[in-house]
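Structure first, commentary second.
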Amino acid sequence: EMTFNHLPYGIRFFMFLNRIKFRIFVVCTLGALLNYWGNILGIASSRMERVFKKYKKRWIFKYN
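Printed below as a string of structure tokens:
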């Protein structure tokens, strides 16, 4: 475990802020990517649902 007790308070606080900024950046990036992939998967699944409904309706009209 690293300790930063030998560094001045100003430098320790600046290092802390840099780590927090990096963590926030990583979390925001992951959130944006999940949002993007969620939109793509939503579009694909809605298309598959529409195709399924079309063939279901065709089958119902044919056999009933």
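Numbering (this note's numbering), first residue to last: 16 to 79.
Even glycine gets a Cβ: it sits at the ideal position worked out from N, Cα and C.
Just confirm the distance between the C-beta atoms of residue i and residue j, as a whole number of angstroms; I'd bet it's less than 8 Å.
| i | j | result |
| --- | --- | --- |
| N27 | F19 | The amino acid occupying residue 27 in the given sequence is Arg; Asn does not appear at that position. With 8 Å as the limit, R27 and F19 qualify as a contact, their Cβ atoms being about 5 Å apart. |
In whole angstroms, give me the CA-to-CA distance for residue i and residue j.
| i | j | result |
| --- | --- | --- |
| F67 | L49 | 26 Å |
| Y24 | S60 | 53 Å |
| F40 | F76 | 54 Å |
| V42 | W74 | 47 Å |
| R62 | I55 | 11 Å |
| G53 | N33 | 30 Å |
| K69 | Y51 | 28 Å |
| R65 | Y78 | 20 Å |
| G57 | T44 | 20 Å |
With respect to the alpha helix (DSSP H) encompassing residue i, which residues constitute its N-terminal and C-terminal limits?
| i | result |
| --- | --- |
| L32 | Y24 to Y78 |
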